[in-house]
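Participant: I have a structure here, written as structure tokens, and I will follow up with some questions on it.
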Amino acid sequence: DSGVTQTPKHLITATGQRVTLRCSPRSGDLSVYWYQQSLDQGLQFLIQYYNGEERAKGNILERFSAQQFPDLHSELNLSSLELGDSALYFCASSQLAGGNSPGELFFGEGSRLTVL
Amino acid sequence: AQTVTQSQPEMSVQEAETVTLSCTYDTSESDYYLFWYKQPPSRQMILVIRQEAYKQQNATENRFSVNFQKAAKSFSLKISDSQLGDAAMYFCAYNRVKLVFGAGTILRVKS
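If you're matching them up, the sequences are chains E and V in order.
Heads up: the first sequence runs through residues 574 to 689, numbered per my numbering.
Heads up: the second sequence runs through residues 78 to 188, numbered per my numbering.
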């Protein structure tokens, strides 16, 4: 158990809909990262937050947005869903912001999104 | 931008034998971290081993060891005495500000 909690574990929805994925980081971790893993592909970095502020951005679509709340949990919002958005979405956390002392990331079990 | 390349889409090893997974990366930074993560069929991401770039000594974790060649920007993973439970997708990753993953290598273990 990594200590990172993601909900829901599975989600099935239709094209055009909007969903919210939730992540609770490990106790004490200030950084939250979101990754997308499509079928048979590697993990693509979407976005990182550190203590409530956006820290780094990857190839995140404009239809996607995220935020980190004062209690440090994070939500990834996916809107106007398309078939190609079907993927496993991972949240990870770490103590540090990265940069000067990047270290290990602890991954949740992922949220599997299926868009029909 | 940093990139991580795993040139072996798939590898096979006989149980109890040794296998080496390759990884190269591209960066202009001198201080960074490198990782190997394992993703079994459960899809959970499990850290196998980590290496700090400033350390010359290669990291070792039980049956897992790395060959870190900083000048060549190479970071290979050696698995000794392979076990059936080692069968998984293995990702090499580079971390400076954000964790960048390679495309992964599927490792199959034959009994």
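Built from N, CA and C at the ideal position, the CB exists for glycine as well.
These numbers were taken from a predicted model, which means no experiment stands behind them.
What does DSSP give as the partner residues of V/Ile123 in its beta bridges?
Facilitator: Note: V/Ile123 sits in a beta bridge opposite V/Lys115.
Participant: From the DSSP output, in three-state form, read off V/Leu161 for me.
Facilitator: Here V/Leu161 sits in helix by DSSP.
Participant: Would E/Gln641 and E/Tyr662 qualify as a contact pair, given that the criterion is a beta-carbon distance under 8 angstroms?
Facilitator: No, the Cβ-Cβ distance between E/Gln641 and E/Tyr662 is not below 8 angstroms.
Participant: What does E/Phe618 touch in chain V if you count any residue whose Cβ is under 9 angstroms from its own?
Facilitator: Result: Lys175, Leu176, Val177 and Phe178.
Participant: Between the C-alpha atoms of V/Thr97 and E/Gln590, what's the straight-line distance to the nearest angstrom?
Facilitator: Rounded to whole angstroms, the gap between the alpha carbons of V/Thr97 and E/Gln590 is 44 angstroms.
Participant: Would you call E/Asn650 buried or exposed, if buried means 16 or more other Cβ atoms sit within 10 Å of its Cβ?
Facilitator: Flag for E/Asn650 reads exposed.
Participant: With 16 as the cutoff for other CB atoms within 10 Å, does E/Pro598 come out buried or exposed?
Facilitator: buried
Participant: According to the Cβ coordinates, are V/Ser89 and V/Ser153 closer than 8 angstroms?
Facilitator: no
Participant: Can you list the beta strand (DSSP E) stretches of 3 or more residues lying completely in the region 577-618 of chain E, in chain order?
Facilitator: Counting only runs of 3 or more, we get 578-580, 583-586, 592-597 and 604-610.
Participant: Taking the C-alpha atoms as reference points, what is the distance between V/Ser142 and E/Glu627?
Facilitator: 35 angstroms
Participant: So V/Thr104 is in the beta strand (DSSP E); what residue range does that whole segment cover?
Facilitator: Segment: none, V/Thr104 is in no beta strand (DSSP E) and carries neither H nor E.
Participant: Does DSSP classify E/Asn673 as helix, strand or coil?
Facilitator: Low confidence applies here, because E/Asn673 scores a pLDDT of 44, under 50, leaving its location unreliable; read the following figure in that light. Looking at E/Asn673 - three-state DSSP - the assignment turns out to be coil, as it is neither helix nor strand.
Participant: Once you ignore the five residues that flank V/Asn172 on each side, which residues in its own chain have a CB closer than 8 angstroms to its CB?
Facilitator: Tyr109, Tyr110, Leu111 and Phe112
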